[in-house]
Amino acid sequence: MSLLDILKFKCPNCKEGAIFESNQQLFALHIPKMHTRCKKCNRKFEIESGFFIGAMYVSYGLTVAEFLAVFILCYFVFQTSLLTAFLFVVGVILLTSTLNFKLARTLWIYMFYSK
Ligand SMILES: [Zn+2]
Numbered sequence: 009m010s011l012l013d014i015l016k017f018k019c020p021n022c023k024e025g026a027i028f029e030s031n032q033q034l035f036a037l038h039i040p041k042m043h044t045r046c047k048k049c050n051r052k053f054e055i056e057s058g059f060f061i062g063a064m065y066v067s068y069g070l071t072v073a074e075f076l077a078v079f080i081l082c083y084f085v086f087q088t089s090l091l092t093a094f095l096f097v098v099g100v101i102l103l104t105s106t107l108n109f110k111l112a113r114t115l116w117i118y119m120f121y122s123k
């Protein structure tokens, strides 16, 4: 398991099959479609029904981290107004929502991966 496999959204078992149907459009505002099983090794990604509910906590953590990073950058480093910093934060959170969704689910799959 490596960080590169996670960032490429690859299957934790074979490291070749894609978890999502498309790895394009990371910054588009849509919910990416997942494969139910790995196309290469046939491993099921959703271990049990409701498995991905826990990925929401990962997504929440990623979003808060991005929120803090962008806010600190805008407000303290570039010394923008509070409103401008808030608008930047909202913009970045919206733009990275698809990326966060994919990263959260992939991290969740890797966290519970066992051979
Ligand atoms: Zn696989």
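Per our numbering, the very first residue in the sequence shown carries number 9; after that it's consecutive.
Where a beta carbon is used, it is the ideal one built from N, C-alpha and C, also for glycine.
Quick check: does the Cβ of residue i come within less than 8 angstroms of any heavy atom belonging to ligand 1?
{"i": "residue 21", "result": "yes"}
{"i": "residue 46", "result": "yes"}
{"i": "residue 24", "result": "yes"}
{"i": "residue 51", "result": "yes"}
Return the Cβ separation of residue i and residue j in integer angstroms, given the expectation that the two are a contact with Cβ distance under 8 angstroms.
{"i": "residue 2", "j": "residue 25", "result": "Nothing about residue 2 can be read from this structure; the chain reaches only from 9 to 123."}
{"i": "residue 110", "j": "residue 53", "result": "Contact doesn't hold; Cβ gap of about 12 angstroms is too wide."}
When the Cα atoms are used, what is the spatial distance from residue i to residue j?
{"i": "residue 81", "j": "residue 72", "result": "14 angstroms"}
{"i": "residue 62", "j": "residue 79", "result": "26 angstroms"}
{"i": "residue 51", "j": "residue 104", "result": "28 angstroms"}
{"i": "residue 60", "j": "residue 115", "result": "11 angstroms"}
{"i": "residue 108", "j": "residue 22", "result": "23 angstroms"}
{"i": "residue 85", "j": "residue 77", "result": "11 angstroms"}
{"i": "residue 68", "j": "residue 49", "result": "30 angstroms"}
{"i": "residue 95", "j": "residue 38", "result": "21 angstroms"}
{"i": "residue 75", "j": "residue 14", "result": "22 angstroms"}
{"i": "residue 92", "j": "residue 120", "result": "39 angstroms"}
{"i": "residue 123", "j": "residue 117", "result": "12 angstroms"}
Need the endpoints of the alpha helix (DSSP H) that residue i sits in, please.
{"i": "residue 147", "result": "This structure cannot speak to residue 147, because the chain is shown only from 9 to 123."}
**Request:** Run through the region 41-123 for me and flag every whole beta strand (DSSP E) of 3 or more residues, listed as ranges in chain order.
**Result:** none
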